[in-house]
Amino acid sequence: MRHFSYTRAESVSEAVAALAANPEAKVLAGGTNLVDLMKYDVMRPAAIVDINRLPLKQIEDLPNGGLRIGALVSNTTVAYDERVKERYPLLSSAILAGASPQLRNAATTGGNLLQRTRCYYFYDPSTPCNKREPGSGCSAIGGVNRIHAILGASESCIATHPSDMCVALAALSAAVEVEGPQGKRYIPFADFHRLPGDRPESDNTLAQGEMVVAVRLEGNHFAGHHTYLKLRDRLSYAFALVSVAAAMEVADGKIVELRVALGGVAHKPWRDMLAEAEFAGQPAEDVTFRRIAQRLLTGAKGQGENDFKIPLAEKVIVRALRQAAAGRPQDQSVKAIQ
Amino acid sequence: MHNSSKVVGLPLSRIDGPLKVTGQAGYAAEYFAPDMLHGYVVGATIATGRIAEIDTAAAEAFPGVVKVYTYKNRPSAARRDSKWKDEVALPGHPLRPLDNDKILFDGQPVALVVADSFEAARDASALVRVTYAADEPHTDLALERGNSYVPPVPRMQAFMPPKPRGNAEAAFSQAPHQISADYVIEGEHHNPMELFATTAIRNEDGTYLIHDKSQGSQNSHDYICNIFSLDPEKVVVRNSYIGGAFGSGLRPKHQLFFAVMASLDLKRSVKVEMSRQEMFYLTWRPSSIQTVSLAADEKGHLQSVMHHALHATSRYEDYQENVANWSGLAYKCDNVTISYEIAKLDVSTPGDMRAPGAATGVTALETAMDELAYEVGIDPLELRVINFVHRDQNTDKELTSKALHACYREGAARFGWSERSHEPRSMRDGNELIGWGVATGIWEAQMSPAEAKLRLTSDGKVTVSAAASDIGTGTYTILGQLAAEAFDLKLADVTVKIGDSTLPKTTVEGGSWTAASSGTAVQVAAQMVIATLLKAAQKLDNSPLAKATEEQVEIAEGRLVLEANHQVGIAVSDIMSAAGLDMIEEHAKVEPDKAIQKKYSAYTHSAAFVEVRVDAELGQVRVTRVVNAVAAGRILNPKTARSQVMGGVVMGLGMALHEEGMVDHRTGRIMNHNIAEYHVPAHADIEEIDVIFIDEDDDKASPIGVKGLGEIGIVGIAAAVSNAIFHATGARIRSFPITIDKILAETSLESETLQ
């Protein structure tokens, strides 16, 4: 860990000013990822802006039946909030599929959006990594890449986004409320995280000086037909090999509206809205689900050790859609897959 | 000495438990001294080559840094290899940290940063700039099969294969049922919760008190005194409490060398604690490739056993373990050929990891036995029963005891094995295929030389001392129980002092031998104290014990009495005060009985039954039930014993499903060097584990009837899991860990029929 300056922000504007003043500054919220990365010497922020005192710890009702979740609300609080459980059980389920109770108690909503990849090479400062050190190369290509991306990767980076919560937020078309030097703006969830392209050092589209202040969810009709299904290398406390957040509206055995987001497969929660739209009106049955899976995985490419993710993802998507259609979401406290 | 057990054999809680759960048990890194310095190790980032340039200027300039050591300025230490060889050293050249510019493995220490705080040392360590001239690394065992060799200098003669018996090749080709396959197990890395650490406290007079994480305080003591030519009388090493070790602490680690080196050089107390990442660069269970060929007659009687084992070692030492010999003694077979080789890789020297050799070799053998059962068409448990053997065929010796039949019987009954349907994929519950697997476990019941002192004070209380170690196994407690039993005391009236190099000589704690060895020493010391007490009693006027022999007396309720008639006796306090004794202390030295060893082999045995549930489409595996029936002689404490076996089972599940050092063979570097990505089972992976102990009355394995329990719990578990996965899915996976990708690959052809 390198030495850094520490500022405790007393207001959002103060935090934004501190961030805007120093491009090297990073926000400290729960610290579950940033502090780890600093200890590993992977992240070396010159300045830390501690936002833990900011009034961003509320979950508020929105007029349209939605919710506004403050950036500092803990993952645990979100997962067990009655309104979240009732209106967005998919979100609650996805959070409970991740990390451990201790981490979820400390981790925040904003921090979850900003967590960094678990790529082995990103985590080891002695190896080339374009995300950590732009231009140094990608060691994961041709290396140990069991956990890496099969969709949307580039020659610069094949890392994946590790969050479970964000996969649900992507499926729910959340919006990210950010504040910056230019004021407030809302970023559609699909536009918040980036694909690596030739700038893998940028995980997201936050501009210099901007910070996440809340996540906003619209009202929806998915509470009856949804699931979060996560496959991993052990039954708890492991990042997803493949996860699926599925939600649908079903009427007369037909899909009215479909949402599918994939985790563990790309640099961002993977969603293909055009593909989803194609299946409106189709029967909610296995044949359709398999076609959806194949459609979503169009262009999927393995890196060697992670080739298995492609057939695995297809099977997980089908099972998740089956669970969602049947109104039988995966219970995260039950390890048998329903 | 024949009192019915009042303390031994009871499921008593650990006497060190309250200290541990209240944070009062001091671990090696938890000691402090005034003005203490902290060392932090910089590891190599190549697997082979040399250091071209090393620049420490920025690190030295970092606030708080006192000194940075590299091969260029390392203080001198012993030159001869023999001085660097610890009690359990291997054939080869022991690693000498910072000795020269050569790099032999990923993570090899290249610098030690010493600073006035841990944080300063760690932060400055990132500023040490090393440029390497890297050579092409060779770390993939599969590619080095052609470079394998029989170790020219055996670590232990017993690890070398027995002479072939019969003609295994011919018997194999003539038998009606044959199986032959390769079994691959990836390297595993010890990750005990406690990191390796040494606190070297330098006293004003230049003497040392060193707290070291180690499985042998005297091994660490002798090692460090030899290297730095220290006066052995002026150095004390303690390993009072150990947060798990599993074999990783048998040999001294580089942090011990570094802490003492810096302390001697800077004349200050120094602490060096490893990072979790460093834990991946030392003492690991080597990756292995084994070929097992088995043949049987129509009824399943083994006709031929051929087992070839190969595992990795380093460039500088020939690590060896007993991988394949188990195949020559597990079952009755007249035609057996066993061979064993190692191959050098650009890796750190592997080391003993819980049931070294057996965990590897028995996994292959017991998977192969399951394959043979299906080839013959009989129940896998039945195959094991009909090939039961009562003799050690490798050495042609009798066995001290072998209650394995009872393990099979009682384990199967508890598990419900009789309800099993033979065909793979024949048991199902909803989306999940159910599989039941079985495997036999074997481990040596060993005893090593040990000493112990026992002191009886006039208040009737007892103190036991020995340089034994408690690596979490319960040594404190069982030694206390044995002493309490001998003096008819409550456990609370016994003080146990271990984990200190100044105490009576004890071999490193390993191989499951500590209970049998140190336990025997305590029992013999107790007998000696009672004999001395009897002599004193017999000097009294009109002593009622005047004609009693040692064998006829015991202690009961504070009195030395005739075993046959407790009315006849004298209070211990009366004897001692009459004799003018404040205390009686005796020092026992025990070793294995060579006459018995010549005639007998001693082993622990187990039968492991495992239920898995595998999602028929997605390949997710859950181990839902384990029954492990263990025959290990006399159980001193069923509570600590059960914990030992449960821990072994959990580690076996890790071997079966999770644990794997992932090496980038392009660079020869381990990439998942943290416990977020190096997976061991999490709570959710562990469901029911049922441990059964089968009593064995065995006075030959050790004088106290103990066989040892540290290793047997893991042996056979990985095979039982893989056999259960086969039973569930029909897919035979011979590569460990059995991860989801392997299951999907092997079951993909069948998945269509499932939907």
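For the protein sequence lines, the chains are A and U, in the order given.
Taking our numbering, the leading residue of the first sequence gets 1168, the next gets one more, and so forth.
Taking our numbering, the leading residue of the second sequence gets 602, the next gets one more, and so forth.
Glycine included, each C-beta is placed from N, C-alpha and C at the ideal position.
Could you confirm whether any beta carbon from chain U is found closer than 8 Å to the beta carbon of residue i?
| i | result |
| --- | --- |
| lysine 1502 of chain A | yes |
| glycine 1494 of chain A | no |
| arginine 1458 of chain A | no |
| serine 1403 of chain A | yes |
| aspartate 1117 of chain A | Since the first residue shown for chain A is 1168 and the last is 1505, residue 1117 of chain A is missing from the structure and cannot be characterised. |
| aspartate 1498 of chain A | no |
| aspartate 1116 of chain A | No statement about residue 1116 of chain A is possible, as the shown extent of chain A runs from 1168 to 1505 and does not include it. |
Chain A partners of residue i, CB-CB under 9 Å?
| i | result |
| --- | --- |
| isoleucine 1341 of chain U | Leu1398, Arg1399, Asp1400, Leu1408, Phe1475, Leu1479 |
Does chain A have any CB closer than 8 Å to the CB of residue i?
| i | result |
| --- | --- |
| histidine 1284 of chain U | yes |
| aspartate 898 of chain U | no |
| glutamate 1033 of chain U | yes |
| aspartate 947 of chain U | no |
| glutamate 1278 of chain U | yes |
| arginine 955 of chain U | no |
| arginine 651 of chain U | no |
| methionine 1263 of chain U | yes |
| arginine 869 of chain U | no |
| arginine 593 of chain U | With chain U running from 602 to 1356 in the structure shown, residue 593 of chain U is simply not present. |
| lysine 607 of chain U | no |
| arginine 877 of chain U | no |
Give every residue of the same chain whose Cβ lies closer than 8 Å to the Cβ of residue i, excluding the five residues on either side of it in the sequence, and list them in chain order.
| i | result |
| --- | --- |
| arginine 1220 of chain A | Arg1175, Ala1176, Glu1177 |
| glycine 848 of chain U | His791, Gln816, Thr884, Gly952, Asp953, Met954, Arg955, Pro957, Gly1111 |
| isoleucine 1344 of chain U | Val1215, Gly1220, Val1222, Ile1326, Thr1330, Ala1332, Ile1334 |
| arginine 1438 of chain A | Ala1337, Ala1338, Ala1357, Arg1426, Val1427, Ala1428, Leu1429 |
For residue i, return the contacting residues in chain A, with the cut-off set at a CB-CB distance below 7 Å.
| i | result |
| --- | --- |
| glutamate 1218 of chain U | Lys1482, Arg1486 |
| threonine 1369 of chain U | The requested residue 1369 of chain U does not occur in the structure, where chain U is confined to residues 602 to 1356. |
| glutamine 1221 of chain U | Leu1398, Ile1504 |
Go through its chain and collect everything with a Cβ distance to residue i's Cβ below 7 Å, but skip five positions before and after it.
| i | result |
| --- | --- |
| proline 765 of chain U | Val937, Thr938 |
| tyrosine 1173 of chain A | Ile1215, Asp1217 |
| valine 1423 of chain A | Glu1416, Val1417, Ala1447 |
| asparagine 1231 of chain A | Glu1385, Gly1386 |
| serine 1352 of chain U | Confidence is the limiting factor: at serine 1352 of chain U the pLDDT is only 47, short of 50, which leaves the residue's position unreliable, though a coordinate-based value still follows. Hits under 7 Å: Glu1218. |
| alanine 776 of chain U | Ala896, Ala897, Asp898, Gln904, Ser905 |
If the criterion is Cβ atoms closer than 8 Å, does the pair residue i and residue j meet it?
| i | j | result |
| --- | --- | --- |
| leucine 1218 of chain U | asparagine 1032 of chain U | Here residue 1218 of chain U turns out to be glutamate, not leucine, going by the sequence shown. Yes; because the gap between Cβ atoms is below 8 Å, this pair is in contact. |
| tyrosine 917 of chain U | aspartate 707 of chain U | no |
| glutamate 1445 of chain A | arginine 1462 of chain A | yes |
| tyrosine 750 of chain U | alanine 712 of chain U | no |
| isoleucine 1459 of chain A | leucine 1488 of chain A | yes |
| leucine 982 of chain U | valine 1039 of chain U | yes |
| alanine 1390 of chain A | arginine 1254 of chain A | yes |
| glycine 1197 of chain A | alanine 1273 of chain A | yes |
| threonine 1133 of chain U | isoleucine 1185 of chain U | yes |
| aspartate 1453 of chain A | valine 1485 of chain A | yes |
| asparagine 1312 of chain A | asparagine 1200 of chain A | no |
| methionine 1252 of chain U | alanine 1189 of chain U | no |
| proline 1105 of chain U | serine 1066 of chain U | yes |
| alanine 960 of chain U | leucine 911 of chain U | no |
| glycine 1319 of chain A | histidine 1392 of chain A | no |
| glutamate 1011 of chain U | lysine 607 of chain U | no |
Give me the chain U residues within the contact set of residue i, using Cβ-Cβ distance strictly less than 7 Å, ordered along the chain.
| i | result |
| --- | --- |
| alanine 1491 of chain A | By Cβ distance, chain U contributes nothing, its closest Cβ being about 16 Å from alanine 1491 of chain A, past 7 Å. |
Below 8 Å on C-beta distance, what does residue i contact in chain A?
| i | result |
| --- | --- |
| asparagine 1273 of chain U | Tyr1287, Val1311 |
| alanine 1346 of chain U | Phe1475 |
| histidine 1259 of chain U | Asp1400, Arg1401 |
| arginine 1029 of chain U | Near arginine 1029 of chain U there are no residues of chain A at all, since even the closest Cβ is about 12 Å away, more than 8 Å. |
| arginine 1214 of chain U | Ala1503 |
Can you list the residues of chain U that residue i reaches, using a CB-CB cut of under 8 Å?
| i | result |
| --- | --- |
| arginine 1169 of chain A | Asp724, Ala727 |
Could you name the residues of the same chain whose beta carbon sits closer than 6 Å to that of residue i, not counting the 5 residues immediately before and after it, in chain order?
| i | result |
| --- | --- |
| serine 1174 of chain U | Ser1059 |
| histidine 909 of chain U | Thr892, Ser940 |
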